[in-house]
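Q: Basically our numbering = 1-based index in the sequence shown + 1167. We put the beta carbon where it would ideally sit given N, CA and C, even for glycine. The structure's right below; bear with me while I get my questions together.
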Amino acid sequence: MRHFDLAPLYRATVGFDQIADLMDRALASDVSQATYPPYNIEKTADDAYRISIAVAGFADADLSVELRDHQLVVSARKSDEDDGKTFLHRGIATRAFERRFTLADHVRVTGAVHEHGMLHIDLQREIPEALKPRRIEIARSSDRPAIEKDVVDAQSVN
1168 MRHFDLAPLY
1178 RATVGFDQIA
1188 DLMDRALASD
1198 VSQATYPPYN
1208 IEKTADDAYR
1218 ISIAVAGFAD
1228 ADLSVELRDH
1238 QLVVSARKSD
1248 EDDGKTFLHR
1258 GIATRAFERR
1268 FTLADHVRVT
1278 GAVHEHGMLH
1288 IDLQREIPEA
1298 LKPRRIEIAR
1308 SSDRPAIEKD
1318 VVDAQSVN
């Protein structure tokens, strides 16, 4: 495992704590991290996204979708309803899992649907009006009223 010293980055930036934390988490995560369950992330519109996770074999009650501090946490715990069954081959994985997705600022979860063995989570990015770019008109100098100087009778102070 490689170690990186990001201390110089922290000294040179102010207000970029989230970016540095994200880099720390990415570098600290294990490269051999399990790939179960498989998932897709797709862009469905300019500011809309969908995360689709393959959850075949899980019921709605087995699945959990939570949002904690910009972290979308999807988890599943399989209920033990297979008791008494004898499997000659068990190839369909229904083991418990937890998947985490870091959401950017102003991205909110708009819904989740579980159908045909897929869990679809819809996301929408909504930028507040205060952060949207706005156009500022430049007035022509001929449209602007002349600034008049008022001269006040003043006495010199000596």
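Considering only the beta carbon of each residue, do residue 1252 and residue 1225 sit closer than 8 Å?
A: no
Q: Counting pairs of beta carbons, one from the stretch 1225-1242 and one from the stretch 1302-1310, are three or more of them closer than 8 Å?
A: no
Q: Going by Cα to Cα distance, which pick from 1257, 1234, 1283, 1275 is closest to residue 1266?
A: 1234
Q: Can you check the stretch 1222-1286 for any beta strand (DSSP E) of at least 3 residues that lies completely inside it and give the ranges in chain order?
A: 1230-1235, 1238-1243, 1264-1269, 1274-1282, all fully within the stretch 1222-1286.
Q: Measure the alpha-carbon distance for residue 1207 versus residue 1306 and round it to whole angstroms.
A: 50 Å
Q: Could you tell me if the beta carbon of residue 1288 falls within a distance shorter than 7 Å of some heavy atom in the ligand SAH?
A: Judged by which ligands are present, the structure shown has none, so any question about the ligand SAH falls away.
Q: Residues in the same chain with beta-carbon distance under 7 Å from residue 1237, minus the five sequence neighbours each way, listed in chain order, please.
A: 1269, 1270
Q: Between which two residues does the beta strand (DSSP E) carrying residue 1211 extend?
A: Its beta strand (DSSP E) spans residues 1206-1212.
Q: Express the C-alpha separation of residue 1209 and residue 1301 in angstroms, rounding to a whole number.
A: Whole-angstrom Cα-Cα distance: 29 Å.
Q: Since residue 1217 sits in a beta bridge, which residues does DSSP pair it with?
A: 1209, 1289
Q: So what's residue 1304 in DSSP terms, helix, strand or just coil?
A: DSSP, read as helix, strand or coil, puts residue 1304 in coil.
Q: Taking just the CA atoms, how far does residue 1242 sit from residue 1264?
A: If you take the alpha carbons of residue 1264 and residue 1242, they lie about 5 Å apart.
Q: Exposed or buried, which one is residue 1298 when buried takes at least 16 other CB atoms within 10 Å?
A: exposed
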